[in-house]
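Enquirer: One structure coming up, written as structure tokens, with questions to follow.
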Amino acid sequence: MRSRLSRLPTLALLAIITAGALTPATVVARNADAPNGRIPHSYKPAVKPSMALEGAVEAKDDAEDGGPAGPVDRQTLSIGRGDTLMDLLATAKVPTNDAHDAVAALREVYNPRRLQVGQHVTVLFEPRRGGSRKFVGFEFAPDPLRSVSIARKGETGFTSSQTEKPVTRKPVAAQGVIRSSLFEAGAQAGVPISVMMAFIQNFSYDVDFQRDLQPGDHFEILYEKLVTAEGTQAGEGELLYASLTLSGDDMPIYRFKTRDGRIDYYNGDGESIRRALLRTPIDGARITSGFGMRHHPILGFSKMHKGVDFGAPTGTPIYAAGRGTIEMAERSSSYGNYVRIRHNTEISTAYAHMSRFAKSIQRGARVDQGDIIGYVGTTGRSTGPHLHYEVLKAGHQVNPRSVDLPTGEKLEGRELQAFQQARRSIEKMFDDSRGGMQLARTPAPAPAEEKGCNKASSC
Ligand SMILES: [Zn+2]
1252 MRSRLSRLPT
1262 LALLAIITAG
1272 ALTPATVVAR
1282 NADAPNGRIP
1292 HSYKPAVKPS
1302 MALEGAVEAK
1312 DDAEDGGPAG
1322 PVDRQTLSIG
1332 RGDTLMDLLA
1342 TAKVPTNDAH
1352 DAVAALREVY
1362 NPRRLQVGQH
1372 VTVLFEPRRG
1382 GSRKFVGFEF
1392 APDPLRSVSI
1402 ARKGETGFTS
1412 SQTEKPVTRK
1422 PVAAQGVIRS
1432 SLFEAGAQAG
1442 VPISVMMAFI
1452 QNFSYDVDFQ
1462 RDLQPGDHFE
1472 ILYEKLVTAE
1482 GTQAGEGELL
1492 YASLTLSGDD
1502 MPIYRFKTRD
1512 GRIDYYNGDG
1522 ESIRRALLRT
1532 PIDGARITSG
1542 FGMRHHPILG
1552 FSKMHKGVDF
1562 GAPTGTPIYA
1572 AGRGTIEMAE
1582 RSSSYGNYVR
1592 IRHNTEISTA
1602 YAHMSRFAKS
1612 IQRGARVDQG
1622 DIIGYVGTTG
1632 RSTGPHLHYE
1642 VLKAGHQVNP
1652 RSVDLPTGEK
1662 LEGRELQAFQ
1672 QARRSIEKMF
1682 DDSRGGMQLA
1692 RTPAPAPAEE
1702 KGCNKASSC
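Numbering (the numbering used here), first residue to last: 1252 to 1710.
In structure tokens, the structure reads:
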């Protein structure tokens, strides 16, 4: 869950978040030599004196200067626009051969192309008795949690290592009332975007984010915030618990790791939340106005409209509702750009009006649940950007609600007991963390808009 998204500016204006007790620190140290997060710079002192030449032109054969003459000299530079790491090392007057070897060693743990403009890199030199200095390595921190280090090994080679700082996982509880969209309510409760994305993704099996949400529905969430020993926030950890209350119905989900190491979310009874088909086969976060879309509350979509429409901006990713094989990916006059996926001998799903297909989506291709198959558009007979989604049973459109395909995974026996214990400790953590937390207040809903095709029988 920790991702670039966590670097986005926080949207919390009315953050009603309280932090709970500290959990034991989780220490991640990939480098066995550096259990404390310190970067080792182990290199052998030179044994042979070298020609006492200046900095850049020092010889590898440094026999004449008789060894190190003081502490390592650290020179910090930053990557300029259009510069490579080699350019930076050249600026620091690192001999070209050494720079090549050091960058080659870096590739073992980090792709130098991923270095961003402005990234600080500290270049290390060892002063020599003759007044010269010897390049002994460099180091940088690509993110608040990680340090990458290159050190001289022997006389010619370099070795690379990567160290992760120990972090504390701090549970954070938040809750909010949905006024116009879940995503917005999450932002107003101060929930980081990456956490909200995970929340929406996990509820996409059960919730149709366009139709199921009502103003006044609410949610609770418990997630981890990563904090380093120095107190620096280093992004988000896992989503531990979430509950969505729709028209008074609570739907809690809990993160749990089974004995064989699989991590998944389960409802209160220990049933996997996964379904063979997603209820919301679209980036749910992009459905901005979920209310006022129900034009036929009685007829629904079963008679007149043989599918479900999800209004979302052009370009919104559309997901394969389930694993299957692409049966059709073509353009028609009414459906526009249309994809149909066969999931088993009986069930298919279809997606219409796409602006374009995703790469490699063509007849015969295999897709997994959640793969992007195309993007929202308004091609074909359509009045505005939306996804028209159909579930077909033996070739006939059916109400997607009538097709519930649970994966059937349910925890049992000792696994279920372990889950119930984990669930209780998560609930306690939530209660502890929300001490003094108030319900986030969100502004009044914007007037509901009518969008997309909801009237025609073949939109
Ligand atoms: Zn439609």
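The beta-carbon is built from N, C-alpha and C at its ideal position, and this holds for glycine as well.
(1) Which stretch, first to last residue, makes up the beta strand (DSSP E) that contains residue 1493?
(2) Within 10 angstroms of its Cβ, does residue 1197 collect 16 or more other Cβ (buried), or is it exposed?
(3) Along the beta strand (DSSP E) that carries residue 1648, what are the first and last residues, could you check?
(4) For residue 1477, which residues in the same chain have their Cβ closer than 8 Å to its Cβ, ignoring the five residues on either side in sequence?
(5) If you drop the 5 nearest sequence neighbours on each side, which residues of the same chain put their C-beta closer than 6 Å to that of residue 1582?
(6) Let's test the definition: count the other Cβ atoms within 10 Å of the Cβ of residue 1425 and tell me whether it reaches 16, buried, or not, exposed.
(7) To the nearest angstrom, how far is the alpha carbon of residue 1534 from that of residue 1676?
(8) Can you check which of these residues, 1324, 1480, 1336 and 1623, is closest to residue 1717 by C-alpha distance?
(9) Name the residue from 1393, 1565 and 1409 whose alpha carbon lies nearest to the alpha carbon of residue 1415.
(10) Buried or exposed for residue 1453, please, with buried defined as at least 16 other CB atoms from any protein chain shown within 10 angstroms of its CB.
(11) Given the structure, does residue 1351 come close to ligand 1, in the sense that its CB is under 7 Å from one of the ligand's heavy atoms?
(12) If we ignore side chains and look at the alpha-carbon of each, how far apart do residue 1333 and residue 1596 end up?
(13) For ligand 1, any of its heavy atoms closer than 7 Å to the Cβ of residue 1427?
(14) Would you mind reading off the limits of the alpha helix (DSSP H) that contains residue 1580?
(15) Out of 1451, 1431, 1403 and 1435, point me to the one whose CA is closest to residue 1529's CA.
(16) Compute the Euclidean distance between the alpha carbons of residue 1461 and residue 1538, then round it to the nearest angstrom.
(17) Please look up how many angstroms separate the CB atoms of residue 1493 and residue 1471, rounded, as I've assumed it's under 8 Å.
(18) Which class does residue 1449 belong to by DSSP, given the choice of helix, strand or coil?
(19) Considering Cα atoms alone, identify which of 1521, 1409, 1512 and 1510 is closest to residue 1504.
(20) What separation, rounded to the nearest whole angstrom, lies between the Cα atoms of residue 1349 and residue 1357?
(21) Looking at the structure shown, is residue 1354 part of a helix, part of a strand, or coil, going by DSSP?
(22) Between residue 1404 and residue 1387, what straight-line distance do the alpha-carbon atoms span, to the nearest angstrom?
(23) Compute the beta-carbon to beta-carbon distance between residue 1517 and residue 1391, rounded to the nearest angstrom, for a pair I have assumed lies under 8 Å.
(24) Determine, using beta carbons only, whether residue 1430 and residue 1436 come nearer to each other than 8 Å.
(25) Excluding the 5 residues preceding and the 5 following residue 1619 in the sequence, name in chain order all residues of the same chain whose CB lies nearer than 8 Å to its CB.
(26) Return the chain-ordered ranges of every beta strand (DSSP E) run that is complete within the region 1372-1429 and spans a minimum of 3 residues.
(27) CB-CB under 6 Å to residue 1274, same chain, minus the five flanking residues each way: which ones, in chain order?
(28) Can you name, in chain order, every residue of its own chain whose Cβ lies under 7 Å from the Cβ of residue 1567, other than the five neighbours on each side?
(29) According to the Cβ coordinates, are residue 1353 and residue 1389 closer than 8 Å?
(30) Could you say which of 1377, 1646, 1642 and 1664 lies nearest to residue 1656 if we only look at CA atoms?
(31) Give me the residue from 1365, 1615, 1474 and 1465 with the minimum Cα distance to residue 1593.
(32) Sort 1524, 1507, 1608 and 1634 by Cα distance to residue 1668 and report the nearest one.
(33) Do you know how far the Cα of residue 1682 is from the Cα of residue 1443?
(34) Are the Cβ atoms of residue 1345 and residue 1372 separated by less than 8 Å?
(35) Determine the DSSP secondary structure at residue 1666, reduced to helix, strand or coil.
(36) Could you compute how far the alpha carbon of residue 1323 sits from the alpha carbon of residue 1343?
Expert: A quick look at the data gives this:
(1) Translated into the one-based positions of the sequence shown, residue 1493 becomes position 242. It spans 1484-1497 - the beta strand (DSSP E) in which residue 1493 sits, taken as one unbroken run.
(2) Limits of the chain in this structure are 1252 at one end and 1710 at the other, which puts residue 1197 out of reach.
(3) Working through the sequence shown from its first residue, we reach residue 1648 at position 397. In the DSSP assignment, residue 1648 falls within the beta strand (DSSP E) that extends over 1647-1649.
(4) Here the question's residue 1477 lines up with position 226 in the sequence shown. Counting only Cβ-Cβ distances below 8 Å, and skipping sequence neighbours, we find 1253, 1396, 1418, 1419, 1420, 1421, 1484, 1485, 1486, 1487 and 1488.
(5) For the purposes of this step, residue 1582 is taken as residue 331 along the sequence shown, with counting starting at 1. Hits under 6 Å: 1588.
(6) Along the sequence shown, read from residue 1 onward, the residue named residue 1425 stands at position 174. Buried, by the Cβ-count rule.
(7) Within the sequence shown, the letter at position 283 stands for residue 1534. Within the sequence shown, the letter at position 425 stands for residue 1676. Their backbone Cα atoms lie some 31 Å apart in a straight line.
(8) Any answer about residue 1717 is impossible in this case: the structure gives the chain only from 1252 up to 1710.
(9) As a working note, residue 1415 is residue 164 in the sequence shown. Selected option, being the one with the closest Cα: 1393.
(10) Locating residue 1453 in the sequence shown gives position 202, counting from the first residue. Looking at its Cβ environment, which holds 16 or more other Cβ atoms inside 10 Å, residue 1453 is buried.
(11) Position 100 of the sequence shown, counted from the first residue, corresponds to residue 1351. Taking 7 Å as the cut-off, one finds no heavy atom of ligand 1 near enough to the beta carbon of residue 1351.
(12) In the sequence shown, residue 1333 corresponds to position 82, counting from 1. In the sequence shown, residue 1596 corresponds to position 345, counting from 1. Straight-line Cα distance between these residues: approximately 54 Å.
(13) In the sequence shown, counting from the first residue as 1, residue 1427 sits at position 176. No, Cβ of residue 1427 sits at least 7 Å from all heavy atoms of ligand 1.
(14) Here residue 1580 is taken as the residue at index 329 of the sequence shown, counted from 1. Taken as a continuous stretch (DSSP letters only), residue 1580 belongs to no alpha helix (DSSP H), being part of the beta strand (DSSP E) at 1575-1583.
(15) Reading the sequence shown from its first residue, position 278 is the one you call residue 1529. It is 1451.
(16) Translated into the one-based positions of the sequence shown, residue 1461 becomes position 210. Translated into the one-based positions of the sequence shown, residue 1538 becomes position 287. Their Cα atoms are separated by approximately 7 Å.
(17) Here residue 1493 refers to the residue found at position 242 when the sequence shown is read from its first residue. Here residue 1471 refers to the residue found at position 220 when the sequence shown is read from its first residue. With 8 Å as the limit, residue 1493 and residue 1471 qualify as a contact, their Cβ atoms being about 7 Å apart.
(18) Your numbering for residue 1449 matches position 198 in the sequence shown. Residue 1449: helix per DSSP, three-state reduction.
(19) Start at 1 with the first residue of the sequence shown, and residue 1504 comes out as number 253. Closest by alpha carbon: 1521.
(20) For the purposes of this step, residue 1349 is taken as residue 98 along the sequence shown, with counting starting at 1. For the purposes of this step, residue 1357 is taken as residue 106 along the sequence shown, with counting starting at 1. In this model, residue 1349 and residue 1357 are separated by some 12 Å (Cα to Cα).
(21) In the sequence shown, counting from the first residue as 1, residue 1354 sits at position 103. Three-state DSSP puts residue 1354 in a helix.
(22) If you number the sequence shown from 1, residue 1404 lands on position 153. If you number the sequence shown from 1, residue 1387 lands on position 136. Cα to Cα, the separation comes out at about 9 Å.
(23) Indexing the sequence shown from 1 puts residue 1517 at position 266. Indexing the sequence shown from 1 puts residue 1391 at position 140. So it is not a contact: roughly 41 Å between Cβ atoms.
(24) As a working note, residue 1430 is residue 179 in the sequence shown. As a working note, residue 1436 is residue 185 in the sequence shown. It is a contact, given that the beta carbons lie within the stated cut-off.
(25) Here residue 1619 is taken as the residue at index 368 of the sequence shown, counted from 1. The beta carbon of residue 1619 lies closer than 8 Å to those of 1571 and 1574 in the same chain, with the five residues before and after it left out.
(26) Entirely contained in the region 1372-1429, the beta strand (DSSP E) runs reaching 3 residues are, in chain order, 1384-1394, 1397-1404, 1408-1415 and 1418-1428.
(27) As a working note, residue 1274 is residue 23 in the sequence shown. Low local confidence applies: a pLDDT of 32 at residue 1274 is under 50, so the model's placement there is unreliable, with the coordinate-based value given in what follows. Here the set comprises 1420.
(28) Here the question's residue 1567 lines up with position 316 in the sequence shown. Hits under 7 Å: 1533, 1534, 1537, 1626 and 1627.
(29) Position 102 of the sequence shown, counted from the first residue, corresponds to residue 1353. Position 138 of the sequence shown, counted from the first residue, corresponds to residue 1389. Yes; because the gap between Cβ atoms is below 8 Å, this pair is in contact.
(30) Against the sequence shown, residue 1656 aligns to sequence position 405. The shortest C-alpha separation from residue 1656 is found at 1642.
(31) Here the question's residue 1593 lines up with position 342 in the sequence shown. With respect to the C-alpha of residue 1593, the residue from 1365, 1615, 1474 and 1465 having the closest C-alpha is 1615.
(32) Position 417 of the sequence shown, counting from 1, holds the residue named residue 1668. The option with the nearest alpha carbon to residue 1668 is 1507.
(33) The sequence position of residue 1443 within the sequence shown is 192, counting from 1. The sequence position of residue 1682 within the sequence shown is 431, counting from 1. Their Cα atoms are separated by approximately 20 Å.
(34) Counting from one through the sequence shown, the residue named residue 1345 turns up at place 94. Counting from one through the sequence shown, the residue named residue 1372 turns up at place 121. Cβ atoms of residue 1345 and residue 1372: not closer than 8 Å.
(35) Within the sequence shown, numbered from 1, the residue matching residue 1666 stands at position 415. DSSP places residue 1666 in helix when its eight states are reduced to three.
(36) Translated into the one-based positions of the sequence shown, residue 1323 becomes position 72. Translated into the one-based positions of the sequence shown, residue 1343 becomes position 92. Their backbone Cα atoms lie some 15 Å apart in a straight line.
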